[in-house]
Amino acid sequence: MKKIKVAMVGQPNVGKSSIINSISDARLHVGNFAGVTVEKKEVLIKRGDKEIDIVDLPGIYSLNAYTPEEQVAKRYLIEEDYDILVNVVDANVLQRNLIFTMQLLDMGKKMILVVNMIDELEKAGGKIDDKRLSELLGIPVVLASAKEKRGVENIVEKILELYDAPKPKRKIYYNEKIEYEIEKLKKILLKSPHFHDPELARFYVIRLLEKDEDIYKIVHDLPIFLELHEVLGESIKRLKLEFDEDSVSDILADERNSLAKSIVMQSMIMPQKETLTDRIDKILIHPVFGLPIFLFFMWTLFQLTFQVGSIPMEYIDQVFTNFGDWLKNILPQGDLNSVITEGVVPAVGAIVMFLPNILILFLGINLLEQTGYMARAAFLLDGFLKKFGLQGKAFIPLVSGFGCTVPAYMAARTLKNPKDRLITMLVLGFMNCSARLPVYVLLIAAFFPAHNAGNVLFVIYIGGALLGLLVAKILRELLFKGEPEPFVMEMPPYRFPSLKALAMELWIKAKIFIKKAGTFIAAAAMIVWFLSSYPKNPELLAEYEARIEAAVSESQKKALYNELAAKELESSYLGKIGKFIEPVFEPLGFDWRLSVATISGLAAKEVIVSTLATLYAVGEADETSSTLRAKLAQSVDFKTAVALIVIIMIYSPCVAAMSTFYAEIPQWAWRGFYTVYPNVLAWLAAFTVYKILEFVGL
Amino acid sequence: MKSVLDMKISETARIKRITAQEPVKGRLTAMGIAKGNLIKLLDHTLKKQTWEVEVEGTRVALRKEEAASIMVEEI
Numbered sequence: 001m002k003k004i005k006v007a008m009v010g011q012p013n014v015g016k017s018s019i020i021n022s023i024s025d026a027r028l029h030v031g032n033f034a035g036v037t038v039e040k041k042e043v044l045i046k047r048g049d050k051e052i053d054i055v056d057l058p059g060i061y062s063l064n065a066y067t068p069e070e071q072v073a074k075r076y077l078i079e080e081d082y083d084i085l086v087n088v089v090d091a092n093v094l095q096r097n098l099i100f101t102m103q104l105l106d107m108g109k110k111m112i113l114v115v116n117m118i119d120e121l122e123k124a125g126g127k128i129d130d131k132r133l134s135e136l137l138g139i140p141v142v143l144a145s146a147k148e149k150r151g152v153e154n155i156v157e158k159i160l161e162l163y164d165a166p167k168p169k170r171k172i173y174y175n176e177k178i179e180y181e182i183e184k185l186k187k188i189l190l191k192s193p194h195f196h197d198p199e200l201a202r203f204y205v206i207r208l209l210e211k212d213e214d215i216y217k218i219v220h221d222l223p224i225f226l227e228l229h230e231v232l233g234e235s236i237k238r239l240k241l242e243f244d245e246d247s248v249s250d251i252l253a254d255e256r257n258s259l260a261k262s263i264v265m266q267s268m269i270m271p272q273k274e275t276l277t278d279r280i281d282k283i284l285i286h287p288v289f290g291l292p293i294f295l296f297f298m299w300t301l302f303q304l305t306f307q308v309g310s311i312p313m314e315y316i317d318q319v320f321t322n323f324g325d326w327l328k329n330i331l332p333q334g335d336l337n338s339v340i341t342e343g344v345v346p347a348v349g350a351i352v353m354f355l356p357n358i359l360i361l362f363l364g365i366n367l368l369e370q371t372g373y374m375a376r377a378a379f380l381l382d383g384f385l386k387k388f389g390l391q392g393k394a395f396i397p398l399v400s401g402f403g404c405t406v407p408a409y410m411a412a413r414t415l416k417n418p419k420d421r422l423i424t425m426l427v428l429g430f431m432n433c434s435a436r437l438p439v440y441v442l443l444i445a446a447f448f449p450a451h452n453a454g455n456v457l458f459v460i461y462i463g464g465a466l467l468g469l470l471v472a473k474i475l476r477e478l479l480f481k482g483e484p485e486p487f488v489m490e491m492p493p494y495r496f497p498s499l500k501a502l503a504m505e506l507w508i509k510a511k512i513f514i515k516k517a518g519t520f521i522a523a524a525a526m527i528v529w530f531l532s533s534y535p536k537n538p539e540l541l542a543e544y545e546a547r548i549e550a551a552v553s554e555s556q557k558k559a560l561y562n563e564l565a566a567k568e569l570e571s572s573y574l575g576k577i578g579k580f581i582e583p584v585f586e587p588l589g590f591d592w593r594l595s596v597a598t599i600s601g602l603a604a605k606e607v608i609v610s611t612l613a614t615l616y617a618v619g620e621a622d623e624t625s626s627t628l629r630a631k632l633a634q635s636v637d638f639k640t641a642v643a644l645i646v647i648i649m650i651y652s653p654c655v656a657a658m659s660t661f662y663a664e665i666p667q668w669a670w671r672g673f674y675t676v677y678p679n680v681l682a683w684l685a686a687f688t689v690y691k692i693l694e695f696v697g698l
Numbered sequence: 699m700k701s702v703l704d705m706k707i708s709e710t711a712r713i714k715r716i717t718a719q720e721p722v723k724g725r726l727t728a729m730g731i732a733k734g735n736l737i738k739l740l741d742h743t744l745k746k747q748t749w750e751v752e753v754e755g756t757r758v759a760l761r762k763e764e765a766a767s768i769m770v771e772e773i
């Protein structure tokens, strides 16, 4: 089977991932802001006897790559081998996108132009003449809309056609003075035995004129380098003089801009002034009301997360309890029965209960992403974030951190400056991820009045965010002196979110969550169960059995059963581990059970809930405290519970997040710092809070 | 010379020169903020720290420092 390699490239937020999703059945994550895709992704599709391998590259504004994720795209374009370039552009901002298209045309590859979001342009009264555009550019043009699935099959057809056809002739040339210098330099480059392709030579020459260091490195080792270098210097000098500009890239930028302008003029009817975005922006980024509106949105999100999310909880709990009881009866008695019905089922149940909360939170974050409000929030918060040594764009990874810390670490790649990026990543853990949500919901429900639950949750999230900012400020002052990077960010137009895409994202999220609960968390629960049930202590059992036998009243018997269960747990492996680490947590009022639960949270934050469920499952006989919530309220005091919340807000994220950080940040010193400091900070903060609460007499 | 900072909200002007250094200059150019294009000031935040402009159909958010580097002439 023939394999066609296609590279999908374009400026950020033109819908590359959406196009791929609508061609294939892939489910790439999409959003309405620059920098959703930060790593290249591959999708395979089959048509007839041919296989098309499409690589989705992160959005890139120009070949003068600026941010790390743009560097990923650029390196791929220059170094990798592929058959066809598919350049996706946004019909609404065709002119700006075409500037980059010109740079791509310099590469001299087989190329297709896909004009996406044509539906939006046409709705606004605009029009693009694809035949004319194709003539002017000298490459095939497809008008498409990923949203309406329009023209997507056409893209595939064009890819297949172009693959078999010879390379079309170049149509775009620059000013003749520039072309003259290009021609001269090209001849020198082609003298080298490594160069046969005049198109590639032309591309290299243009990049060299623009002082592209990546290309400079490639030609540096060629034997003709000295000669080339000398003539290149002269050419640059001459061009700068003739055009009266500071650099050749300025001259070429100007050229490309004029070319794009004239092409657009000849092939496009501009839409009437679109004002919906203007009108919405008048309110949402209003100098005075913008910030309060933003805070109101966030507050509403957390209210909904708590209030609506708690409605189906009891039903889910009931289902798992019934399922456990049913299993208990049909499975043979013994250890297997116990580990499943007492260890795994309640643990998984305790976590699946929180699925509705998590889905609501994710829906909120997805709405922020897809409508384009994310960029507005970054705009509103830039001045505020700058005070803390961060920049507006850091808002995007920070908000993603409320969903999950792992993709948030990846999203930090949209920050160009390594210092900014590191600071942002070091404080990202303080943005409470959705895995911590179950723990908070459980603790809030157990220790705070119901009418205040949503507010407490809001305070926890805002508190975490503020703490993150404070730490960022301290890091900036102490360790990373210097100004944060300049802030230049595109503001996408508001778009109505695609309901299908939203539903799909939620479905994927639910699937991942349930899978995690059923595998990783079930396994962790099993380990916790074993550690808490072994070693068996026959002497203890014998002693208590005798005492229970001798007891006179029912209530006395019950009390003895509970005492036995508690003693057995204490003498288990887990009890021993807990006792060992207890001194560390003792000043916070934690007993060994809370200590163990806290440590188990390093595997995954939800595990804290399942561990608590196992450890506090003792004393089942007391029917007034049938739920974990009530048991916690009974055996843990208020200030300890608050200290636990503070610890969970601050200490290290789960192992998955930590390994992502290690993968993104290669320096060992920073890895070490990252591993230690949140835990120290968490302990100190929890201790302070505990003492304050003790002082005021709570 | 007049820069974006001197523009009024909703005013449109033509870009004459960009005084920012690379790589910011290249970034601005890639967003369409280039010599000869029309630029419209849409909004700024309360303390004039962050500015929003529109160039050839693209909205761009900038900081004060970057906005000050965009020189314009009235049309």
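Order-wise, the sequence lines are chains A and B.
Per our numbering, the first sequence runs over residues 1 to 698.
Per our numbering, the second sequence runs over residues 699 to 773.
Note that the Cβ used here is the ideal one computed from N, Cα and C, for glycine as well.
Compute the beta-carbon to beta-carbon distance between residue i and residue j, rounded to the nearest angstrom, for a pair I have assumed lies under 8 Å.
i	j	result
residue 2 of chain A	residue 50 of chain A	5 Å
residue 712 of chain B	residue 734 of chain B	7 Å
residue 95 of chain A	residue 261 of chain A	6 Å
residue 63 of chain A	residue 53 of chain A	Incorrect: roughly 23 Å between the Cβ atoms, too far for contact.
residue 525 of chain A	residue 655 of chain A	Residue 525 of chain A to residue 655 of chain A, Cβ: 16 Å. No contact.
residue 748 of chain B	residue 392 of chain A	7 Å
residue 740 of chain B	residue 754 of chain B	Wrong, their Cβ atoms sit about 14 Å apart, outside the cutoff.
residue 192 of chain A	residue 222 of chain A	5 Å
residue 69 of chain A	residue 414 of chain A	6 Å
Name the chain B residues whose beta carbon is nearer than 9 Å to that of residue i?
i	result
residue 213 of chain A	Under the 9 Å cutoff, chain B gives no residues; its nearest Cβ is about 11 Å from residue 213 of chain A.
residue 380 of chain A	743 and 748
residue 62 of chain A	724, 725, 727 and 728
residue 216 of chain A	Per Cβ cutoff of 9 Å: no residues; residue 216 of chain A is ~15 Å from chain B at best.
residue 269 of chain A	Ordered by position in chain B, no residue passes the 9 Å Cβ test against residue 269 of chain A, which lies about 13 Å from the chain.
residue 281 of chain A	740, 741, 750 and 757
Since residue i sits in a beta bridge, which residues does DSSP pair it with?
i	result
residue 145 of chain A	A:150
residue 172 of chain A	According to DSSP, which records beta bridges pairwise, residue 172 of chain A is partnered with nothing at all.
residue 53 of chain A	A:5 and A:44
residue 10 of chain A	A:88
residue 769 of chain B	B:701 and B:715
residue 749 of chain B	B:742 and B:760
residue 113 of chain A	A:87 and A:141
residue 381 of chain A	Per DSSP, none; premise fails for residue 381 of chain A.
residue 504 of chain A	BP columns for residue 504 of chain A are empty, so no partner.
residue 128 of chain A	A:268
residue 102 of chain A	None, per the DSSP bridge assignment.
Can you pull the chain B neighbours of residue i, defined as C-beta to C-beta under 8 Å?
i	result
residue 528 of chain A	Under the 8 Å cutoff, chain B gives no residues; its nearest Cβ is about 48 Å from residue 528 of chain A.
residue 288 of chain A	744
residue 401 of chain A	What residue 401 of chain A touches in chain B: nothing, since even the nearest Cβ is about 21 Å away.
residue 254 of chain A	732, 733 and 734
residue 180 of chain A	Ordered by position in chain B, no residue passes the 8 Å Cβ test against residue 180 of chain A, which lies about 23 Å from the chain.
What does residue i touch in chain A if you count any residue whose Cβ is under 7 Å from its own?
i	result
residue 756 of chain B	93, 96 and 490
residue 736 of chain B	Correct list: empty, because the minimum Cβ distance to chain A is about 11 Å.
residue 763 of chain B	486
Give me the chain A residues within the contact set of residue i, using Cβ-Cβ distance strictly less than 9 Å, ordered along the chain.
i	result
residue 712 of chain B	Those within 9 Å of residue 712 of chain B in chain A number zero; the least Cβ separation is about 13 Å.
residue 760 of chain B	486, 487, 488 and 489
Who are the neighbours of residue i on chain A, taking C-beta pairs under 8 Å?
i	result
residue 739 of chain B	Simply none; closest approach about 13 Å.
residue 709 of chain B	Those do not exist, as residue 709 of chain B stays about 15 Å from chain A at its closest Cβ, beyond 8 Å.
Just to check, is the beta-carbon of residue i closer than 7 Å to a non-hydrogen atom of the ligand FAD?
i	result
residue 172 of chain A	Among the ligands in the structure shown, none appear at all, so the ligand FAD cannot be discussed.
Quiz item: Quick check: the segment 429 to 436 of chain A against the segment 398 to 411 of chain A, are there 3 or more CB pairs under 8 Å?
Solution: yes
Exercise. Jot down the residue ranges of each uninterrupted alpha helix (DSSP H) in the segment 269 to 325 of chain A, minimum 4 residues, whole runs only, in chain order.
Key: 276 to 284 and 290 to 307
Self-check item: Runs of alpha helix (DSSP H) lying entirely within the segment 507 to 571 of chain A, each at least 4 residues, in chain order
Solution: 522 to 533, 538 to 550 and 554 to 570
Exercise. Please confirm if the segment 379 to 389 of chain A is in contact with the segment 406 to 415 of chain A, defined as three or more CB-CB distances below 8 Å between the two stretches.
Key: no
Quiz item: Would you say the segment 13 to 21 of chain A touches the segment 107 to 125 of chain A, given that touching needs at least three Cβ pairs under 8 Å?
Solution: yes
Self-check item: 3-residue-minimum beta strand (DSSP E) runs that sit fully inside the segment 171 to 202 of chain A, ordered along the chain
Solution: none
Quiz item: In the segment 235 to 274 of chain A, which residue ranges form an unbroken alpha helix (DSSP H) of at least 4 residues, counting only runs that do not cross its ends?
Solution: 248 to 267
Quiz prompt | Runs of beta strand (DSSP E) wholly within the segment 384 to 425 of chain A (minimum 3 residues, chain order) | solution = none
Quiz item: Do the segment 235 to 251 of chain A and the segment 77 to 89 of chain A make contact, defined as three or more Cβ pairs closer than 8 Å?
Solution: no
Quiz prompt | Segment contact flag, the segment 178 to 196 of chain A with the segment 222 to 233 of chain A, C-beta cutoff 8 Å, min 3 pairs | solution = yes
Quiz item: Counting Cβ pairs closer than 8 Å, one from the segment 348 to 366 of chain A and one from the segment 314 to 327 of chain A, do we hit at least three?
Solution: yes
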